[in-house]
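Structure first, then comments.
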Amino acid sequence: MKNYFITRDEDENITGLFARSQYEGQKKLTETNKEIVAFLKKQNEPTEIELNEQKIRTKMRQIAIEALQDDGELPADFEG
2 MKNYFITRDE DENITGLFAR SQYEGQKKLT ETNKEIVAFL KKQNEPTEIE LNEQKIRTKM
62 RQIAIEALQD DGELPADFEG
């Protein structure tokens, strides 16, 4: 089972995981600890900025496809 040395913020939220201790007395938790599992899950979730960027890219693509179809550079039935 993998162990992680952790750092916390002033509210006791985990802010970092390390394979090796960063300082003497640093707390160590196992990979199955609920706080570790939640922290790792959160790290893999897209941020609000990333979600908004994806929306922008999708909208820009739709606009570009429609413009190219209007100009006859893409077939009308193009869905990409």
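Counting the sequence shown from 1 gives a position; the working numbering is that position plus 1.
Ideal Cβ placement from N, Cα and C applies to all residues, glycine included.
Remember, predicted model here, so these are calculated numbers, not experimental data.
Assigned exposure category for residue i - 16 Cβ within 10 Å defines buried
i, result
"Tyr24", "exposed"
"Ile7", "buried"
"Ile64", "exposed"
Cα-Cα separation between residue i and residue j, rounded to whole angstroms
i, j, result
"Glu67", "Arg58", "14 Å"
"Asn4", "Pro47", "25 Å"
"Gly26", "Glu49", "35 Å"
Contact belief for residue i with residue j at Cβ below 8 Å, rounded distance in angstroms
i, j, result
"Met2", "Thr33", "7 Å"
"Arg21", "Ile15", "Not quite, the Cβ-Cβ distance comes to about 16 Å (not below 8 Å), so this is no contact."
"Phe40", "Leu18", "7 Å"
Residue(s) in a DSSP beta bridge with residue i
i, result
"Arg9", "Ile15"
"Leu30", "Tyr5"
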